[in-house]
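Asker: For reference, the structure I am asking about is given below.
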Amino acid sequence: MTRYIKTAVILFLISAICTALCALVNEVTAPRIADNVEKERIAALEDVAAGLSIGEETAVGDGTVNYYIPLSDDDGTAGYIVELSSSGYGGAMTIIASYDTEGAVMEAKMMANSETPGLGKKAEEGWYMEMFKGLGSASPLPASKSDLSAEDNAAVSGASITFGGVSSALIAGSEFVKGLGGAV
């Protein structure tokens with residue numbers, strides 16, 4: 043019986059030491075990770091801002107639109123950056139997109155996703171979001187793969203759920219921006 047107690051105490055001490063070491067490592071690395079995430083977010087905002095001045099973030103949190111940021115030029119509000127949440131094949135996706143005041147996509151970038159490598163992960167590549175550029179005001183955003191050209195349809199083949207998630211998020215962002223118009 044004493045042998046079992048001695049083994050249990052040793053295992054408990056090993057677990058306690060490992061837990062303390064993990065907590066220490068987390069304490070050291072958590073601020074650096076948070077800084078890196080914020081740097082990536084700021085770089086993404088600058089990428090999609092299309093050379094316009096970035097304003098202050100306003101939280102929305104309606105399920106699809108997380109926040110928006112006005113973009114301005116010398117004449118006033120020229121558009122908005124919107125962070126969007128959607129679901130793809132692999133789960134939750136986060137997209138940052140900029141729109142003009144009429145709701146047309148200026149730029150878009152996939153920020154986070156768990157999509158399938160080689161299929162849904164294509165949404166992270168720059169050419170993928172080019173399919174949506176300029177659409178959303180006079181020309182509608184594609185709601186399904188059948189709304190795409192044959193070339194674009196072939197490019198997203200095998201990742202229909204990812205495409206649907208990206209498309210529905212960008213459509214929701216366009217509608218949100220149309221509701222905002224040019225006034226903040």
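Counting the sequence shown from 1 gives a position; my numbering is that position plus 42. The C-beta atom is built at its ideal place from N, Cα and C for all residues, glycine as well.
Which residues bound the alpha helix (DSSP H) around residue 89?
Answerer: Counting along the chain, the alpha helix (DSSP H) containing residue 89 begins and ends at 44-90.
Asker: When DSSP labels each residue in this structure, what does residue 171 get in the three-state scheme?
Answerer: Of the three classes helix, strand and coil, the one that applies to residue 171 here is helix, per DSSP.
Asker: Spatial neighbours of residue 185 within its chain, please: C-beta separation below 8 Å, excluding the five flanking residues on both sides.
Answerer: These residues qualify, in order along the chain: 209, 210 and 213.
Asker: Does residue 24 pass the burial test, meaning 16 or more other C-beta atoms within 10 Å, or should it be called exposed?
Answerer: Outside the shown range of the chain, which is 43 to 226, sits residue 24, and nothing can be said about it.
Asker: According to DSSP, what are the bridge partners of residue 122?
Answerer: DSSP output for residue 122 lists 112 and 141 as bridge partner(s).
Asker: Decide yes or no for the touch test of the segment 176-185 against the segment 105-120: beta carbon pairs closer than 8 Å, at least 3 of them.
Answerer: Counting Cβ pairs under 8 Å, fewer than three are found: no touch.
Asker: Going by C-alpha to C-alpha distance, which of 216, 59, 45 and 56 sits closest to residue 146?
Answerer: Of the listed residues, the one whose Cα sits closest to residue 146 is 216.
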